[in-house]
Structures are given as C-alpha cells and as structure tokens.
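Enquirer: Residue numbering for the sequence shown follows our numbering, starting at 31 and increasing by one per position.
We treat Cβ as the ideally placed atom computed from N, Cα and C, and that holds for glycine.
Since the model is a prediction, treat every value here as computed from it, not as a measurement.
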Amino acid sequence: MAETTSFPRVFALWAAGLGAAAQYGKMSVVFDLLPELYPQAGVALGFLVSLVGGVGILLGVVAGLVVARIRYRRALLSALWLGAAISAFQTLTPGFGWMLASRLLEGLSHLAIVVAAPTLIAQLSAVRDRGFTLTLWGTFFGVAFAVLALAGRPLALSWGLPALFAAHALYMAACAIVLTVSLQRLPTETPQPPFSVPQILRDHITTYRSPFLAAPAAGWLFYTFSFVSILTVLPPYLDEVWRAPVMAAMPLASIAVSMTLGVALLRRLPAVTVVQWGFGLSAVSMGWLWASPGAPLACLALAGAMGLIQGASFAAVPQLNHGAAAQAQANGAMAQMGNLGNSIGTPIMAFGLASIGASALPLLAGGAFVLGLAVHLLLAVARRSERVPV
Numbered sequence: 031m032a033e034t035t036s037f038p039r040v041f042a043l044w045a046a047g048l049g050a051a052a053q054y055g056k057m058s059v060v061f062d063l064l065p066e067l068y069p070q071a072g073v074a075l076g077f078l079v080s081l082v083g084g085v086g087i088l089l090g091v092v093a094g095l096v097v098a099r100i101r102y103r104r105a106l107l108s109a110l111w112l113g114a115a116i117s118a119f120q121t122l123t124p125g126f127g128w129m130l131a132s133r134l135l136e137g138l139s140h141l142a143i144v145v146a147a148p149t150l151i152a153q154l155s156a157v158r159d160r161g162f163t164l165t166l167w168g169t170f171f172g173v174a175f176a177v178l179a180l181a182g183r184p185l186a187l188s189w190g191l192p193a194l195f196a197a198h199a200l201y202m203a204a205c206a207i208v209l210t211v212s213l214q215r216l217p218t219e220t221p222q223p224p225f226s227v228p229q230i231l232r233d234h235i236t237t238y239r240s241p242f243l244a245a246p247a248a249g250w251l252f253y254t255f256s257f258v259s260i261l262t263v264l265p266p267y268l269d270e271v272w273r274a275p276v277m278a279a280m281p282l283a284s285i286a287v288s289m290t291l292g293v294a295l296l297r298r299l300p301a302v303t304v305v306q307w308g309f310g311l312s313a314v315s316m317g318w319l320w321a322s323p324g325a326p327l328a329c330l331a332l333a334g335a336m337g338l339i340q341g342a343s344f345a346a347v348p349q350l351n352h353g354a355a356a357q358a359q360a361n362g363a364m365a366q367m368g369n370l371g372n373s374i375g376t377p378i379m380a381f382g383l384a385s386i387g388a389s390a391l392p393l394l395a396g397g398a399f400v401l402g403l404a405v406h407l408l409l410a411v412a413r414r415s416e417r418v419p420v
C-alpha cells in the first residue's frame, strides 16, 4: 500500500483506460458507416460492437484471476501492445470474418486492461486519495465516448475508418511506452498459487460466494443495466427542444457529480454507503420522472445520482478487499457484471416499452435501482456476520 499517491502514474493508467473504452466505443460511434465497409453483413454487423463485451461476460472473473497470476504490469503492457497491434491490423479493413476475429482478440485486451489498471491505481494510491483516484478511473468510459463522438467520428468521416483505427493503434502504443517506463517500480506483490484450471474454477466460486469480493460487482450489474438502457431509450420521451442538450448533459452531469460531491462524500463515508445513497437517490429520481415524464431537471437529477454509484463502486473494491490479488478478483467480477448489464439492459428495456409502454422505463430502471440498493444492504449484513474480510 502506497504511503503517498503517485498521481502521474495514476493519470497514465487512466489514459490507458480511455484506450480500453475506445476499443469498445470506436465501432459504436461509426456503426452507421460499417454497412459501407461490409454491405453483405446485414444484422451480423452488431457483433462488431458486442463481441468485445461478450468476452467480458464469459471471462471477467477468470481475467481477474489470470491477471493476478501473471502480474499486473506484465498483463497491462501485454494488453496494450496487443490492442495496438489489433487496431493496426484493422486499418487494413480485412474481410468481415477476420474483422470479427480481431474484435474477439480485442475483447481479451480490453478485459485485461480494465482488470489490471484499477488494481494498480489502488496500489499506487494512498488510502486518503483512493476516493479521488478510483472515481477518476470510473469516468473512463464516459470520457472516452465523449472524445470519440467529438473527435473520432469526425476523423472517420473525413479520412475514412482506417484513420480512426490507426489513431487508436498509435494511442495504445503510446500508452504502452509511457507505462513501460513509469511502472518500473511497483509495490511488492504477494506470491500466487500455481496456475491451473481447477484452481481457477475454485477461485471463481469463491469470488461470488464472498460478500466482500462480489459486492462491487453485484451493484455494478444493476447500475450498468440502467445507465446504458436509459440513455438509449429516453430520447423519444423528451421534448424535442430539450432532447439534444439533455442527452449531452446527462453523462457530463454524472461525471461532474462523481468527481465533486462523490469524492467529497468518499472522504467521510465508506464507499458502499455512498453507493447505497446513489441507488436510493436514483430510485427517487426515477419516481420524479414517472410523475413528470421527460422533465429535464429530473433527467439531470437522475444522472447526478447515478454518478455517486459510478465512482464509489470502484472505490469500494480496495475498501472491502485487502491485497492486489483480491482486488483483481473483484475488478474482474465488476467487468463481468458490467458487460452483462450493458448487454441485457437495452433489449429488456426495449421489450418492456413495446409491451407496456412508457411506464416500462421508470418501472424497470427504478426497480433495478431498488434491487441494487437491496443487494448492497443484504451483502453488508453478510459481511458483518463474517469475522475476517477476504
């Protein structure tokens, strides 16, 4: 555990996280351009977006266990170089099958980064600064998507998709070079058990049976289920005059609240308590939206409340789990549950809207927030019944 925070290395790791989020988002922001590249692919084009997340659903916890065994610096740097090589290959605009294969490998690179980087951030941060540094990490997806929308898509429109892939390859390589130098000296790591499939399976079971290891991931499932689906299905219910500014402001409001009020609360309250407040306030905000459909202030209040969940969930990992190996397991579980929530949220919400109409949004999203709060309360009771944290 660091006595003082190495902020330059923390920001370098956050920058690597932006590259990892761009692995997911670079296909999303140019999805409407992909039919020009692969006119025969049809609905299968969706796999170019979803394959990266699918890897996380299948291998999230396994990644946390593997990264701990091969060591965080080695795993992170290997993943960055692999990501750079894959993006460089994608600049050749290969056939659809080869592009799908590259996205599958990119999912492995993405997963290793999002497990190793926050684990290293926790190790390089003093306890008093972890609220800030891990909340900063929690913004990586929103910031990356904003940059891609503002700069990545215009680049692709002006110079073609290969230009976007080339820029991403150069960015990932630059991150790898910087971190190769800056991560030369890391805190001492404890020995790990020998790597084996039976041990991986045992550790996988241990992760989800532990109220310490599983708690951040359990809440994260309900957060990601709601966040992505709300941003996807909400626009038609907003007044056309307010639609664009509100949808642009919601992710920014979430990040702003997490980096200001969220960080301030984390200096005074346990991270899990802040997460619980975030779920409770999010449920109340959904009630406001139900009573006043499309109200801009209610939308912004909802985004702000969700911002408390965003940063505090990552801060909860080192508070609940001592040691880098346990934190890697917890981060792996968060990656798994986050990808699952992202994947199922929008289809379930769309089905609900088609079945019961506009009331599906507050019912499903509000219900998810209530369940997230309930799960955290139940796991807190389970932790109190155990003598020694994992």
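Quick check: what's the CA-CA separation for V211 versus A147?
Expert: Each residue's Cα considered, the two are about 15 Å apart.
Enquirer: Using CA coordinates, which residue listed in E416, L311 and V177 is at the minimum distance from F399?
Expert: Among E416, L311 and V177, the Cα nearest to that of F399 belongs to L311.
Enquirer: Determine the direct distance from the alpha carbon of F309 to that of H406, and round the result to whole angstroms.
Expert: Going from the Cα of H406 to the Cα of F309 covers about 10 Å.
Enquirer: Determine, using beta carbons only, whether G375 and T254 come nearer to each other than 8 Å.
Expert: Closer than 8 Å, so yes.
Enquirer: Here's the rule I'm using: 16 or more other beta-carbon atoms within 10 Å means buried, otherwise exposed. How should V347 be labelled?
Expert: By the 10 Å Cβ count, V347 comes out buried.
Enquirer: Given that a residue counts as buried once 16 or more other Cβ atoms are within 10 Å of its Cβ, and exposed if not, what is S389?
Expert: Its Cβ having fewer than 16 others within 10 Å, S389 is exposed.
Enquirer: Going straight from the alpha carbon of T303 to that of G190, what length do you get?
Expert: Cα-Cα distance, rounded: 47 Å.
Enquirer: Any idea if V420 is buried or exposed, counting beta-carbon neighbours within 10 angstroms, 16 or more meaning buried?
Expert: Residue confidence is low: V420 scores 42 on pLDDT, short of 50, so the model does not pin down where it sits. Its coordinate-derived value is still stated next. Buried: at least 16 other Cβ atoms inside 10 Å.
Enquirer: Please report the residue range of the alpha helix (DSSP H) in which Y238 lies.
Expert: V227 to R239 is the extent of the alpha helix (DSSP H) around Y238.
Enquirer: Specify the secondary structure class of D62 as computed by DSSP and reduced to three states.
Expert: D62 falls in the helix class under three-state DSSP.
Enquirer: Considering only residues of the same chain and omitting the five flanking positions on each side of S315, which have a CB-CB separation below 7 Å?
Expert: The answer, listed in chain order, is A328, A331, L332 and A335.
Enquirer: For a test of the three-state rule: what should DSSP assign to E33, helix, strand or coil?
Expert: Three-state DSSP puts E33 in coil, outside helix and strand.
Enquirer: Mind the definition here: the segment 103-123 touches the segment 49-63 only if three or more C-beta pairs lie below 8 Å; say whether that holds.
Expert: Output reads yes: the segment 49-63 touches the segment 103-123.
Enquirer: Beta carbon of G137, beta carbon of Q366: below 8 Å?
Expert: Not closer than 8 Å, so no.
Enquirer: Measuring straight from C-alpha to C-alpha, what distance separates A156 and E33?
Expert: If you take the alpha carbons of A156 and E33, they lie about 5 Å apart.
Enquirer: Pick out whichever of V40, L209, A176 and L370 has its Cα sitting closest to the Cα of P281.
Expert: Answer by Cα proximity: A176.
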